[in-house]
Every structure is written in structure tokens, then in C-alpha cells.
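Student:
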Amino acid sequence: MGGPLQVCPECRNRSLHRKRQVPSGVTVPGNVGGWFELLPGLGTTFRYPTFDVIVCAQCGLTRFYADADACGRLSEAPDWELLSDAGPASG
Ligand SMILES: [Zn+2]
Numbered sequence: 593m594g595g596p597l598q599v600c601p602e603c604r605n606r607s608l609h610r611k612r613q614v615p616s617g618v619t620v621p622g623n624v625g626g627w628f629e630l631l632p633g634l635g636t637t638f639r640y641p642t643f644d645v646i647v648c649a650q651c652g653l654t655r656f657y658a659d660a661d662a663c664g665r666l667s668e669a670p671d672w673e674l675l676s677d678a679g680p681a682s683g
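Going by the working numbering, the sequence shown opens with residue 593, and the numbers climb by one from there.
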């Protein structure tokens with residue numbers, strides 16, 4: 593990861609903290625179970641994608657970076673709209 597990640601884009605502070613490989617989803621087993629996922633369609637049958645999470649200790653701005661595998665699946669994931677293909681009047 594390069595230099596820009598080391599400075600908060602909100603307050604320009606350098607008190608940034610990172611946690612790697614935070615799960616992007618959770619499965620709750622049982623009769624009332626279910627699941628919750630923030631990157632639907634970008635994981636595998638066995639694994640949710642992970643985030644690297646960066647929090648600014650000064651202002652609290654929190655950034656989530658999807659892992660490389662998840663990013664690699666975006667182009668083949670129909671639910672994930674490529675914004676640069678959208679016209680300026682849409683959305
Ligand atoms: Zn900040």
C-alpha cells in the first residue's frame with residue numbers, strides 16, 4: 593500500500609490504524625439463522641471476502657478496502673454496476 597493511505601483524506605492526520613482481513617460477512621447457523629454480507633457475489637462458496645479496514649484516530653473516518661480476490665471478481669459480477677459505463681444523467 594502506498595503513501596496516500598498513510599494520510600487521512602478528511603483531516604490530514606497521520607494517526608491511521610489498519611486491521612487486515614476483516615470478514616465482510618457472517619453466517620448465523622440454526623433455525624433462525626441467516627447471513628449478512630457487505631460484498632455479495634464477490635466471495636466463494638466457502639469464504640466471504642475480507643476487508644483491510646483503516647480508521648483515522650483523529651476524526652474517525654473509516655475506509656474499507658476489499659481484498660484482491662474480491663476486486664478481481666467485480667468485472668464478472670452482474671450485480672456490481674461499473675459506474676464509468678453509466679451516463680452522467682443516470683443514477
Ligand atoms: Zn481523519
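Every residue gets a Cβ at the ideal spot worked out from N, C-alpha and C, and that includes glycine.
CB A669 to CB L634, shorter than 8 angstroms?
Tutor: For the purposes of this step, residue 669 is taken as the residue at position 77 of the sequence shown. For the purposes of this step, residue 634 is taken as the residue at position 42 of the sequence shown. It is a contact, given that the beta carbons lie within the stated cut-off.
Student: What does the alpha-carbon distance come out to for the pair L608 and T654?
Tutor: Residue 608 sits at position 16 when you count from the first residue of the sequence shown. Residue 654 sits at position 62 when you count from the first residue of the sequence shown. Answer to the nearest angstrom: the Cα atoms are 9 angstroms apart.
Student: Taking the alpha carbon of D671 as the point to measure from, which residue in A658, D659, P632 has its own alpha carbon closest?
Tutor: Residue 671 sits at position 79 when you count from the first residue of the sequence shown. Among A658, D659, P632, the Cα nearest to that of D671 is on P632.
Student: Please tell me whether, using a cut-off of 7 angstroms, the distance from the CB of L597 to the nearest non-hydrogen atom of ligand 1 is below it.
Tutor: As a position in the sequence shown, residue 597 is number 5, starting the count at 1. For ligand 1, not one heavy atom lies less than 7 angstroms from the Cβ of L597.
Student: Can you name, in chain order, every residue of its own chain whose Cβ lies under 7 angstroms from the Cβ of L675, other than the five neighbours on each side?
Tutor: For the purposes of this step, residue 675 is taken as residue 83 along the sequence shown, with counting starting at 1. Result list for L675: empty, nothing under 7 angstroms.
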